[in-house]
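*Asks:*
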Amino acid sequence: MSLLVHYTLKSADDHAHQVQAMQDLIADLTSEGVSADYSAFSTGDATRFLAVLEFQDDAGKQSFLQSQAFATYKETVGPTFANPPETTDITAIASTKG
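Each residue of the sequence shown is one higher than the last, beginning at 1389 in this note's numbering.
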């Protein structure tokens, strides 16, 4: 069970803030023991970001969605988003990842 997330910031001025918020989210998820693989990517456009979230099952997804780490992240950066993030359910079909 995986999600692809696309999001755009209102201003390129918020790029560094977004990068720090993502790094804080990952650290907080780890310290909370949330079981999810979360990879975030910036793009050539300083306002556009992508993330891939991989969960073992629906319980793992719910744990992430209900985590304090995710709540803090949304509160911190939500106002900087141009629009709500777009999510797409994705399914891995091949990977070099073990």
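Glycine residues also receive a C-beta, built at the ideal position from the N, C-alpha and C atoms. Note that the structure is predicted; figures quoted are calculated from it, not measured.
Give me, in chain order, the residues of the same chain whose beta-carbon lies closer than 7 Å to that of residue 1409; leave out the 5 immediate sequence neighbours on both sides.
*Replies:* By 1-based counting over the sequence shown, the position of residue 1409 is 21. Excluding residues within five positions, the ones whose Cβ falls inside 7 Å are 1461, 1464, 1465.
*Asks:* With DSSP as the reference, label residue 1422 as helix, strand or coil.
*Replies:* Start at 1 with the first residue of the sequence shown, and residue 1422 comes out as number 34. Coil at residue 1422, not helix or strand.
*Asks:* Around the C-beta of residue 1451, are 16 or more other C-beta atoms found within 10 angstroms, so that it is buried, or is it exposed?
*Replies:* Along the sequence shown, one-based indexing puts residue 1451 at 63. Buried is the call here.
*Asks:* Buried or exposed: residue 1457, going by 16 or more other Cβ atoms within 10 Å of its Cβ?
*Replies:* Residue numbering aside, residue 1457 sits at position 69 when the sequence shown is read from its first letter. Answer is buried; the Cβ neighbour count reaches 16.
*Asks:* Identify the residues that DSSP records as bridge partners of residue 1430: which are they?
*Replies:* Residue numbering aside, residue 1430 sits at position 42 when the sequence shown is read from its first letter. 1437, per the DSSP bridge assignment.
*Asks:* If you follow the alpha helix (DSSP H) that residue 1464 is part of, which residue opens it and which one closes it?
*Replies:* Counting from one through the sequence shown, the residue named residue 1464 turns up at place 76. Residue 1464 -> alpha helix (DSSP H) spans 1456-1465.
*Asks:* From 1419, 1415, 1425, 1432, pick the residue whose C-alpha is nearest to that of residue 1403; which is it?
*Replies:* The residue you call residue 1403 lines up with position 15 of the sequence shown. Checked all of 1419, 1415, 1425, 1432; the closest Cα to residue 1403 is 1432.
*Asks:* Considering only the alpha carbon of each residue, which of 1445, 1427, 1484 lies closest to residue 1407?
*Replies:* For the purposes of this step, residue 1407 is taken as residue 19 along the sequence shown, with counting starting at 1. Checked all of 1445, 1427, 1484; the closest Cα to residue 1407 is 1427.
*Asks:* Roughly how many angstroms separate the alpha carbons of residue 1395 and residue 1468, rounded to a whole number?
*Replies:* Stepping through the sequence shown from its first residue, residue 1395 is reached at position 7. Stepping through the sequence shown from its first residue, residue 1468 is reached at position 80. In this structure, the CA atom of residue 1395 is about 10 Å from the CA atom of residue 1468.
*Asks:* Could you tell me the distance, in whole angstroms, from the CA atom of residue 1438 to the CA atom of residue 1392?
*Replies:* Your numbering for residue 1438 matches position 50 in the sequence shown. Your numbering for residue 1392 matches position 4 in the sequence shown. Their Cα atoms are separated by approximately 7 Å.
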